[in-house]
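Below is one structure, written out as structure tokens; the observations come after it.
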Amino acid sequence: SNGHRGPDHVFYFTLRDATNFGNQEHFGLISTCNDLACKIKTPDYIEPEVLKKYGWLNVVFAGIGVIVIASTLVCVLCKQIIHKQGLRRLATETDSDSYSDSSQ
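Sequential numbering of the sequence shown, starting at 512, is according to the working numbering.
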């Protein structure tokens, strides 16, 4: 509209380099998740110290993730154990009731 033509082709790329169909594509702004600086920069660019100072956060977030997953597994296992014990108790009570009914 407005006298401007739309683009002939549009390409979409991710933040990181990627492997697609076995071929490495280097179109991302960073090579890996561990990179602190973007690939697009001037030759005299110096990355901010704050990025280097908080590298330990990756370890903290990974630790939190492990704790959350482990806690979830423990809760699920405990729930299954409690459910099985309840079923056993119910079966035992049902057997006791039917035994007492037949003995009368």
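Glycine residues also receive a C-beta, built at the ideal position from the N, C-alpha and C atoms. Remember, it's a predicted structure, so these values are computed and weren't measured experimentally.
Whole-angstrom distance between residue j and residue i, CA atom to CA atom
i	j	result
V555	L568	The residue asked about is misnamed: residue 555 is Asp in this sequence, not Val. About 27 angstroms.
I575	L588	20 angstroms
C544	I593	42 angstroms
R600	K590	15 angstroms
D528	S542	5 angstroms
V570	I580	15 angstroms
W515	V521	Note on residue identity: the sequence assigns His, not Trp, to residue 515. Looking at the two C-alpha atoms, the distance is approximately 16 angstroms.
L584	I578	10 angstroms
Close-in-space but distant-in-sequence residues of the same chain around residue i (CB under 7 angstroms, 5 per side omitted)
i	result
I551	L540
Residues near residue i by beta carbon distance below 8 angstroms, same chain, minus five either side
i	result
A460	Nothing can be reported for residue 460, as the shown portion of the chain is limited to 512 through 615.
Per DSSP, the bridge partner or partners of residue i
i	result
Q535	T530
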